[in-house]
Every structure is written in structure tokens, then in C-alpha cells.
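There are 2 protein chains.
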Amino acid sequence: MKIGQLARKTGAERQTIRYYESLRLLDEPRRNSSGYRVYDDDAARRLMFIKRAKSIGLTLSEIRTLIEISVGKANRCEEIRSFAEDKLRDVREKISHLQTIEKALSDLKGLCESSGDDLHCPFIETLLDDCIKEN
Amino acid sequence: MKIGQLARKTGAERQTIRYYESLRLLDEPRRNSSGYRVYDDDAARRLMFIKRAKSIGLTLSEIRTLIEISVGKANRCEEIRSFAEDKLRDVREKISHLQTIEKALSDLKGLCESSGDDLHCPFIETLLDDCIKEN
DNA sequence: CTGAACCTTAAAGTATACTATAAGCTGTAT
DNA sequence: ATACAGCTTATAGTATACTTTAAGGTTCAG
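Chains as they are written, first to last, in this note's numbering: chain A, 5 to 139; chain L, 5 to 139.
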């Protein structure tokens, strides 16, 4: 399988595949006589693993860590479990931060709906007031 | 007020203030005889407005939009309200995406706790299985 | 044999929001 | 007088995850 076929099979771009190789997320593939990269199904599986791991919010560098941990002879399960815990904590923090933002925005929007004309827009005025309070 | 005082007053870095100016988030200040930037309290208020707007999750480019809308003679309240609605939708989408991720991660972690040894780590194996399913 | 499709590399560009650096001028305290 | 803080500009670096471009070699159908 050459890089184009692998790209089609996995839905990744050719350049992305080379980029992942440069980050050592994919092993260096063997080359044919013209210097073209030649892949097997393991490479496709690895690429899908990366996709799936990205979809659960892992960064490329976290994915590399995961691959490094799990590609050795053993998976070092305990290490991976604690990795998952850390990540879960991150995600929960992000959610709670966004919920704070959601509340602030929906309060502001509520003000917009209840009062306000072009000369006294509560959205802007409240933001400005908050600034003054913080000062 | 020179740039350093403004920075101290608002908790922003001097470079950040110049950067915001280059993005037209801050008006070009007048200069003293040595070419130094000279600010007044309006500039400080604007800077705090930016900080507060950032804290509710707005990007610098959204903040510029908001400033452009609201700095004219009138605030154009209706426009701002619909801006807030769009942003609220964004934030809610982000939250729900993160909640999906949270569930996936916590399921995976649950598997790690219930079973698994170094040779068969459920976290990795499940990610791999998911890849195969998607293939 | 020519053109299209495919491959190679290295380097630069994109987006966001700064942060740091270099080289040099200004203002003030001692 | 000189050290030091503070100001100026332009440019480059940081982090993440690609995407694009340039310049060129390979493979295959017609």
C-alpha cells in the first residue's frame, strides 16, 4: 500500500501521514525501489487508533505517550489508567469552565431580552460595569 | 499614563497592549514629545473590557467585532443580542462535545478498573477495537 | 512519448494569542 | 556622568495541528 491508498483507506491526508511520521506517531515505513513509502495494515490500524484517540480529546503528544507506553512488550496498564484519570480531570475542568462561561453569556443575553435599546445595550453596559468593579 | 503604568493598572503586559493596538482593539494613543504612548482612563477601561470579554470566552476577533458594533454612536443592541446568541450556541456545542468525550474516557477508565493486566490493557484494546469497527 | 496521477523533500504559511529578542532612544536618580 | 528603568520599532519564536507550495522524480494509460 502506498501513501495515497493509505490516505484513502483511513480518510487522512497524505501530508498528515508524513507529518505524523515526523512526530514519530507512525513508524518509518519501508521504501520500494523508487523511494516511495510502503505501508501494511498495521500502519492503517495505527492511523485509525490515532484518529479515535483524537476524537476522545487527546492531543498528538498525548497520543504519542500512549503509543510509547503501549507498544513495548507490555501495555503497562496501571500507567495507562492513571493517564486516563488525568485526562478525565482535564476534560471535567474544561466543562466546568465552559459552564461558567455559559452562565455568564446567558445572563447577559437575558438582560438583552428584558431591557435595552440602542443607546443602552445591557450586554455592553454590563461588561463595562464589570470592568469598573474589577478595577 | 505611559504604557508601563497602564500595564500595571490593568494587569496586561506592555507587549500585549501594543499587540492589541496592532489588532485595532485599542485606539492609537497620542504620543508625547519623545514618541511615547500616552493613555487616559478610557484606554484602561477598554483594556478591562477586553479582559472581561476574553474571560467569557470571546476571541480577540469577536471582541473587535463587539467593539466595532458598540463604539459607533449607538450600540445596535439587537445585533449584539444575536451575537450573544451565536456565542452561546457555540459554547453549548463545545460543552456537549466535551461531555461525549468525558463519557468515552470514563467508560474506558471503568474498564481499566474492572479488568486488565499489562498484557491486556482494556483502554488500549478498546481503542483498537473501535478502530477496527470503524474500518 | 506525452500527460496525468502519484510520489519525494524541505520550507513556508495558517490560525490564535501572545512572548521574546535585538538594537537603540529617553528620563531620572545618584 | 553613568547606570538603570522605561520607552520605541521590527522581527522572530512558541504551541498545536496541520496545509500549502515549490521543484522535481516515477509510473502507467493511451
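Yeah, the Cβ is synthetic: ideal placement off N, Cα and C, and Gly gets one too.
When you compare each of L:99, L:98, L:74 to residue 87 (chain L) by their alpha carbons, which one comes out closest? The count along the second sequence starts at 1 and reaches residue 87 (chain L) at position 83. The option with the nearest alpha carbon to residue 87 (chain L) is L:74.
Could you spell out where the alpha helix (DSSP H) holding residue 24 (chain A) opens and where it closes? Within the first sequence, residue 24 (chain A) is the residue found at index 20, counting from 1. Counting along the chain, the alpha helix (DSSP H) containing residue 24 (chain A) begins and ends at 18-26.
With a threshold of 9 Å between beta-carbons, can residue 38 (chain L) be considered close to chain A, or not? Translated into positions along the second sequence, residue 38 (chain L) becomes position 34. False, the Cβ-Cβ gap to chain A never drops below 9 Å.
Determine, using beta carbons only, whether residue 7 (chain L) comes closer than 9 Å to chain A. Here residue 7 (chain L) refers to the residue found at position 3 when the second sequence is read from its first residue. No, residue 7 (chain L) lies away from the interface with chain A (no Cβ there is under 9 Å from its Cβ).
Residue of A:6, A:89, A:113 minimising C-alpha distance to residue 38 (chain A): Numbered from its first residue, the first sequence carries residue 38 (chain A) at position 34. Nearest C-alpha to residue 38 (chain A): A:6.
Are residue 50 (chain L) and residue 84 (chain L) close, meaning C-beta to C-beta below 9 Å? The residue given as residue 50 (chain L) occupies position 46 in the second sequence. The residue given as residue 84 (chain L) occupies position 80 in the second sequence. No, the Cβ-Cβ distance between residue 50 (chain L) and residue 84 (chain L) is not below 9 Å.
With C-beta atoms as the reference, is residue 105 (chain L) less than 9 Å away from residue 108 (chain A)? Here residue 105 (chain L) corresponds to residue number 101 of the second sequence, with the count starting at 1. Here residue 108 (chain A) corresponds to residue number 104 of the first sequence, with the count starting at 1. Their beta carbons are not under 9 Å apart, which means residue 105 (chain L) does not touch residue 108 (chain A) by this criterion.
For residue 117 (chain L), which option in A:81, A:15, A:10, A:11 has the closest C-alpha, if you only look at C-alpha atoms? As a working note, residue 117 (chain L) is residue 113 in the second sequence. It is A:81.
What residues from chain A crowd round residue 72 (chain L), counting only those whose CB sits closer than 7 Å? To locate residue 72 (chain L), count along the second sequence from 1; it is residue 68. Near residue 72 (chain L) there are no residues of chain A at all, since even the closest Cβ is about 12 Å away, more than 7 Å.
Please identify the residue among A:97, A:11, A:28 whose C-alpha is closest to the C-alpha of residue 45 (chain A). Translated into positions along the first sequence, residue 45 (chain A) becomes position 41. Among A:97, A:11, A:28, the Cα nearest to that of residue 45 (chain A) belongs to A:11.
As a quick exercise: from L:90, L:112, L:98, pick the residue whose alpha carbon is nearest that of residue 92 (chain A). In the first sequence, the residue the question calls residue 92 (chain A) occupies position 88. Looking at the Cα atoms, L:112 is the closest of the given residues.
Chain L within 9 Å of residue 25 (chain A), Cβ atoms only: Looking up residue 25 (chain A) in the first sequence gives position 21. Closer than 9 Å: no.
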